[in-house]
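A.B. asks: Residue numbers (our numbering), protein chains in the order written: chain A, 1 to 263; chain B, 1 to 307. Handing you this structure, nothing more for now.
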């Protein structure tokens with residue numbers, strides 16, 4: 001039987017944002033949960049990739065492997081993020097090369113051993129935790145390009161009541177009858193809405209159903225940006241941290257998500 | 001079609017995308033690179049009605065489809081096109097491939113309202129094959145550049161961010177310059193964050209006359225598929241509906257073996273990738289999907305520095 005919980009916290013992509021992770025963990029401890037999960041992509045984008053790992057271990061966070069973790073863990077040539085545009089891939093490669101170079105062997109081994117999916121129960125409901133989608137670790141499931149019919153198929157094929165993922169960088173939740181798809185958002189960078197905060201998600205059992213709550217996380221984003229600059233990470237990344245608007249990885253966005261931003 | 005024991009067979013993984021040849025082969029333009037030779041007079045494939053499309057939307061929903069695409073010909077020659085898109089947006093995301101030369105403001109007003117009310121994206125892909133009249137019109141026809149640009153302006157005015165698609169009729173070395181020029185042109189007409197997708201030519205239909213067709217050497221083999229990500233091929237996750245039935249992919253509708261069934265469920269069968277066009281899909285990957293394609297590695301850094 002999968003482990004059973006009443007109330008969990010789900011952290012999406014960390015992208016080396018250890019300052020946001022510290023704030024989120026502190027907030028989660030204050031609110032109280034049975035278990036914290038991280039849905040993968042520990043590295044990317046931010047500075048000093050090794051700094052997230054002690055925090056994850058200290059707080060007994062159960063982690064699954066994202067595409068980035070698979071790449072870093074196996075020292076692959078690229079992040080397998082699934083971008084198709086040359087400009088998006090250009091920036092992704094800068095970030096990946098930096099992260100690979102600055103992740104310790106010990107932490108790479110940790111990433112390499114992570115499972116790609118975890119099954120749990122929340123109350124009486126069967127819940128599948130994954131990174132992109134249950135069928136592909138780097139699948140982008142955007143709110144505006146994922147039909148109810150497709151989600152229903154995922155629920156049926158995986159025999160679960162809820163699927164929780166991340167990967168896109170933008171949180172969303174859809175309930176179909178008594179089944180749920182949740183994108184938990186990410187702690188790594190703001191979600192292209194002009195606000196500097198990032199997000200995690202608390203999910204709890206509630207009267208034979210799930211209650212899904214997205215939690216904003218404020219953190220010292222100016223310090224993160226300073227440290228990114230000191231590490232010579234691209235100015236475009238720092239601009240996103242400081243303004244809350246995405247400047248890279250834009251071409252993969254569908255119309256609705258793209259028009260919500262300014263770039 | 002060339003078929004032998006070394007021809008790879010692809011099995012569809014799942015119906016992610018359902019396409020509709022919604023305007024058949026009817027188009028108000030007659031581009032000299034069109035891979036199915038669409039024209040004002042080509043009626044070999046007919047319009048699809050709203051009722052016909054609705055039936056297939058329903059079938060596809062039962063199979064867990066993720067997205068819908070509409071192509072032609074020129075989809076907006078179909079008198080029911082606006083209603084078809086509005087109906088589709090109630091069920092899933094929709095993308096329409098248009099030349100943008102016949103778009104009317106009242107249609108776009110209705111579509112903008114429907115798109116805002118829907119949880120799903122409505123994407124417009126606009127075909128323009130050069131960054132000015134001098135480069136576009138020899139391919140798409142006299143005056144088509146100006147008309148398409150006016151269509152793009154209408155789309156932007158109604159809140160859409162159309163994906164401009166251009167078939168690469170220039171050399172690889174000119175890619176960077178062409179994208180720069182496209183960006184400059186589009187920004188100059190008020191489209192300040194243009195989305196641009198470059199497509200490869202398909203050496204069939206009218207393009208076969210403009211340049212050349214596929215040769216016997218342009219065929220996939222089983223060895224080529226070893227280690228290849230099958231999800232890059234549209235036949236791995238899509239089908240297209242025409243007035244004749246359900247075909248394997250939007251590129252091959254004129255080839256007899258592409259017609260797989262008269263209903264979607266029975267069309268999800270293995271397919272022999274025996275056509276020259278299969279090699280183009282193999283080389284470029286995801287040519288029919290919305291995100292822009294990868295260029296050769298050497299172009300990546302340059303494009304960032306200057307685009």
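Think of the CB as a built atom: it goes at the ideal place given N, C-alpha and C, for glycine as much as any other residue.
When the Cα atoms are used, what is the spatial distance from residue 88 of chain B to residue 120 of chain B?
C.D. replies: Whole-angstrom Cα-Cα distance: 10 Å.
A.B. asks: Would you call the CB atoms of residue 260 of chain B and residue 241 of chain B closer than 8 Å?
C.D. replies: No, they are not a contact pair.
A.B. asks: Between which two residues does the alpha helix (DSSP H) containing residue 94 of chain A stretch?
C.D. replies: That run of the alpha helix (DSSP H) goes 86-101.
A.B. asks: Could you tell me whether the Cβ of residue 84 of chain A comes closer than 8 Å to any Cβ of chain B?
C.D. replies: Chain B contact via Cβ: present.
A.B. asks: For the region 224-237 of chain B and the region 28-48 of chain B, state whether three or more C-beta atom pairs, one from each stretch, are separated by less than 8 Å.
C.D. replies: Judged by Cβ distances under 8 Å, the region 224-237 of chain B makes no contact with the region 28-48 of chain B, as fewer than three pairs qualify.
A.B. asks: For the region 176-196 of chain B, enumerate the residues whose C-beta is nearer than 8 Å to any C-beta of chain A, in chain order.
C.D. replies: Residues 193, 195.
A.B. asks: Assuming the contact rule is C-beta atoms closer than 8 Å, residue 233 of chain B and residue 284 of chain B should be a hit. Round their C-beta distance to whole Å, please.
C.D. replies: Not confirmed; about 10 Å, so no contact.
A.B. asks: Just to confirm the assignment, what range does the beta strand (DSSP E) spanning residue 243 of chain A have?
C.D. replies: That residue, residue 243 of chain A, is in no beta strand (DSSP E); its alpha helix (DSSP H) goes 235-243.
A.B. asks: What residues from chain B crowd round residue 254 of chain A, counting only those whose CB sits closer than 8 Å?
C.D. replies: The contacting residues are 93, 121, 123, 290.
A.B. asks: Any C-beta of chain B sitting closer than 8 Å to the C-beta of residue 146 of chain A?
C.D. replies: For residue 146 of chain A, the answer is yes, since a Cβ of chain B falls inside 8 Å of its Cβ.
A.B. asks: Relative to the alpha-carbon of residue 54 of chain A, which residue among A:107, A:30, A:33, A:11 has its alpha-carbon at the smallest distance?
C.D. replies: Among A:107, A:30, A:33, A:11, the Cα nearest to that of residue 54 of chain A belongs to A:107.
A.B. asks: Could you pull out every residue in the same chain whose Cβ sits closer than 8 Å to the Cβ of residue 291 of chain B, ignoring the five residues on either side in sequence?
C.D. replies: The residues are 197.
A.B. asks: Name the two residues that bound the continuous beta strand (DSSP E) containing residue 179 of chain A.
C.D. replies: Here the beta strand (DSSP E) through residue 179 of chain A covers 179-183.
A.B. asks: Tell me the rounded alpha-carbon separation between residue 176 of chain B and residue 199 of chain B.
C.D. replies: Rounded to whole angstroms, residue 176 of chain B to residue 199 of chain B spans 14 Å at the Cα level.
A.B. asks: Kindly indicate which residue of B:288, B:250, B:276, B:272 has the alpha-carbon position closest to the one of residue 6 of chain B.
C.D. replies: Here the closest residue by C-alpha is B:272.
A.B. asks: Closest Cβ-Cβ distance between residue 66 of chain B and chain A: below 8 Å?
C.D. replies: Chain A, which has a Cβ nearer than 8 Å to the Cβ of residue 66 of chain B, makes this yes.
A.B. asks: Can you name, in chain order, every residue of its own chain whose Cβ lies under 7 Å from the Cβ of residue 212 of chain A, other than the five neighbours on each side?
C.D. replies: Result list for residue 212 of chain A: 173, 180, 182, 201, 203, in chain order.
A.B. asks: Taking C-beta pairs closer than 7 Å, name the residues in chain B that residue 150 of chain A reaches, listed in chain order.
C.D. replies: Correct list: 64, 65, 66.
A.B. asks: Could you tell me how far apart the beta carbons of residue 144 of chain A and residue 49 of chain A are, in whole angstroms, since I believe they sit closer than 8 Å?
C.D. replies: That belief does not hold up - the Cβ atoms of residue 144 of chain A and residue 49 of chain A are roughly 31 Å apart, past 8 Å.
A.B. asks: Under a CB-based cut-off of 8 Å, is residue 233 of chain B close to chain A?
C.D. replies: Residue 233 of chain B does not count as touching chain A.
A.B. asks: Go ahead and label residue 204 of chain B buried or exposed: buried means 16 or more other beta carbons lie within 10 angstroms of its beta carbon, across all protein chains shown.
C.D. replies: With 16 or more other Cβ atoms within 10 Å, it is buried.
A.B. asks: Short of 8 Å Cβ to Cβ, which residues in the region 151-164 of chain B face chain A?
C.D. replies: Within the region 151-164 of chain B, the residues whose Cβ lies closer than 8 Å to some Cβ of chain A are 159, 160, 161, listed in chain order.
A.B. asks: Identify the continuous beta strand (DSSP E) that holds residue 20 of chain B and give its terminal residues.
C.D. replies: Where residue 20 of chain B is concerned, the enclosing beta strand (DSSP E) stretches over 17-21.
A.B. asks: Which one of A:84, A:241, A:167 has the shortest CA to CA distance from residue 136 of chain A?
C.D. replies: The option with the nearest alpha carbon to residue 136 of chain A is A:167.
A.B. asks: In chain order, which continuous runs of the alpha helix (DSSP H) of length 4 or greater are located wholly inside the region 94-164 of chain A?
C.D. replies: Here the runs fully enclosed are 105-112, 148-158.
A.B. asks: What distance in whole Å lies between the Cβ atoms of residue 33 of chain B and residue 210 of chain B, which are believed to be in contact at a cut-off of 8 Å?
C.D. replies: Contact flag correct, Cβ pair sits at about 6 Å.
A.B. asks: Just the chain A side, please: which residues come within less than 7 Å of residue 61 of chain B by C-beta, in chain order?
C.D. replies: Those are 149, listed as they occur along chain A.
A.B. asks: Within the 8 Å Cβ cut-off, does residue 191 of chain A reach chain B?
C.D. replies: Judged by the 8 Å Cβ criterion, residue 191 of chain A is not in contact with chain B.
A.B. asks: Compare the C-alpha of residue 127 of chain B against each of B:19, B:212, B:190, B:182 and name the closest.
C.D. replies: Measuring from the Cα of residue 127 of chain B, the nearest candidate turns out to be B:182.
A.B. asks: How is the beta strand (DSSP E) around residue 238 of chain B delimited, first residue to last?
C.D. replies: Per DSSP, residue 238 of chain B belongs to the beta strand (DSSP E) from 238-242.
A.B. asks: Just checking: is the beta-carbon of residue 259 of chain A within a distance shorter than 8 Å of some beta-carbon in chain B?
C.D. replies: Chain B contact via Cβ: present.
A.B. asks: Does the contact criterion of 3 or more C-beta pairs under 8 Å hold for the region 40-59 of chain B versus the region 103-115 of chain B?
C.D. replies: The region 40-59 of chain B, when compared against the region 103-115 of chain B, does not touch it at the 8 Å Cβ threshold.
A.B. asks: Does the beta carbon of residue 215 of chain B fall short of 7 Å from some heavy atom of the ligand SAH?
C.D. replies: Absence of the ligand SAH is noted for the structure shown, with no ligands found whatsoever.
A.B. asks: Is residue 263 of chain A close to chain B, meaning its C-beta is less than 8 Å from at least one C-beta of that chain?
C.D. replies: With 8 Å as the cut-off, residue 263 of chain A counts as an interface residue toward chain B.
A.B. asks: Would you mind stating whether residue 15 of chain A and residue 46 of chain A have Cβ atoms separated by less than 8 Å?
C.D. replies: Yes; because the gap between Cβ atoms is below 8 Å, this pair is in contact.
A.B. asks: Using CA atoms only, rank isn't needed, just tell me which of B:103, B:244, B:219, B:236 is closest to residue 280 of chain B.
C.D. replies: Cα-wise, what sits closest to residue 280 of chain B is B:219.
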